[in-house]
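In what follows, a structure is listed as C-alpha cells, so that the remarks can point back to it.
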Amino acid sequence: MASKKYKYLSPEQVDHFLEHGYVVIQQGFTREKAAEWTKTMWIRLGLDPDDKSTWDRERIHMPSHRWEDVATFAPKVWDAMQDLLGGAERINTEASRWGDSFIVNLGTQELENVKEPIHPKLLDNFHCDGDFFIAKMQCDTMLGPLP
Numbered sequence: 001m002a003s004k005k006y007k008y009l010s011p012e013q014v015d016h017f018l019e020h021g022y023v024v025i026q027q028g029f030t031r032e033k034a035a036e037w038t039k040t041m042w043i044r045l046g047l048d049p050d051d052k053s054t055w056d057r058e059r060i061h062m063p064s065h066r067w068e069d070v071a072t073f074a075p076k077v078w079d080a081m082q083d084l085l086g087g088a089e090r091i092n093t094e095a096s097r098w099g100d101s102f103i104v105n106l107g108t109q110e111l112e113n114v115k116e117p118i119h120p121k122l123l124d125n126f127h128c129d130g131d132f133f134i135a136k137m138q139c140d141t142m143l144g145p146l147p
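The opening residue of the sequence shown carries number 1 in full-length UniProt numbering; numbering runs sequentially from there.
Below, the structure is given as C-alpha cells:
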C-alpha cells in the first residue's frame, strides 16, 4: 500500500492505478467547461440538432480547433497526474493539453428503434478512448466505451 502524501489522490487510488492501470477522477472537469467546448459543436458539424434528417453520418471524428492546458481545463486531473508521475516538473506540459476534438456518435434510425440494449462491443462502430495507442488486446478486454 502506498504511504506517501499525495496532492489529490488517496493512497488507495494510487494503488488502484498501479494495479489496474487507471483511476477514476469524479467530476474531472466542470459542466461549464464541457458546455463551453461543445456549444459550437453543431455549427462545426454543419448539422441541425433538432432535425435528424441532417444527420448523415453515424460517427464523426472532429478535429481540434482549440487547445487548453490540462492544468486549467481540469485542475483535479492535473493534480492526479502530478501524484502519479512524481510532480509537475516530471510532466511535459506541451504534451499535457486537451483539444476540442470530439468523436460524435449520432446513431442510426435502425438502432433508435431497437428495444433491447445492445452491448457497445457488438456495434460495428465500437470505439474505446485512446484506441489510437491502446493495443487491440487491451481494447477487447474493456466492457465498453468510456463515458
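For each residue, glycine too, the CB sits at the ideal point set by N, CA and C.
9 Å Cβ cutoff met for residue i and residue j
i, j, result
"Asp83", "Leu18", "no"
"Arg66", "Trp37", "yes"
"Lys33", "Ala95", "no"
"Lys39", "Gln109", "no"
Same chain, Cβ closer than 7 Å to residue i, neighbours up to 5 away in sequence not counted
i, result
"Ala80", "Tyr8, Leu9, Val23 and Ile25"
"Trp55", "Leu47 and Leu106"
"Tyr6", "Val14 and Asp83"
"Glu89", "none"
"His16", "Val23"
"Thr72", "none"
Exposure of residue i, with buried meaning 16 or more beta-carbon neighbours within 10 Å
i, result
"Trp78", "buried"
Where residue i sits in the DSSP three-state scheme
i, result
"Asp42", "It is worth fixing the name first, because residue 42 is Trp in this sequence and not Asp. Here Trp42 sits in helix by DSSP."
"Glu68", "strand"
"His20", "helix"
"Val114", "coil"
"Arg90", "helix"
"Tyr98", "First, the amino acid is wrong: residue 98 is Trp here, not Tyr. Three-state result, Trp98: strand."
"Arg57", "coil"
Integer Cβ distance of residue i from residue j, believed to fall under 8 Å
i, j, result
"Val70", "Arg97", "7 Å"
"Gly21", "Lys76", "No, Gly21 and Lys76 are not in contact; Cβ-Cβ is about 19 Å, not under 8 Å."
"Val104", "Leu45", "7 Å"
Residues near residue i by beta carbon distance below 6 Å, same chain, minus five either side
i, result
"Ser101", "Met62, Pro63 and Ser64"
"Leu85", "Ile91"
Contacts around residue i, its chain only, beta-carbon distance under 8 Å, and the 5 residues preceding and following it disregarded
i, result
"Arg57", "Leu106"
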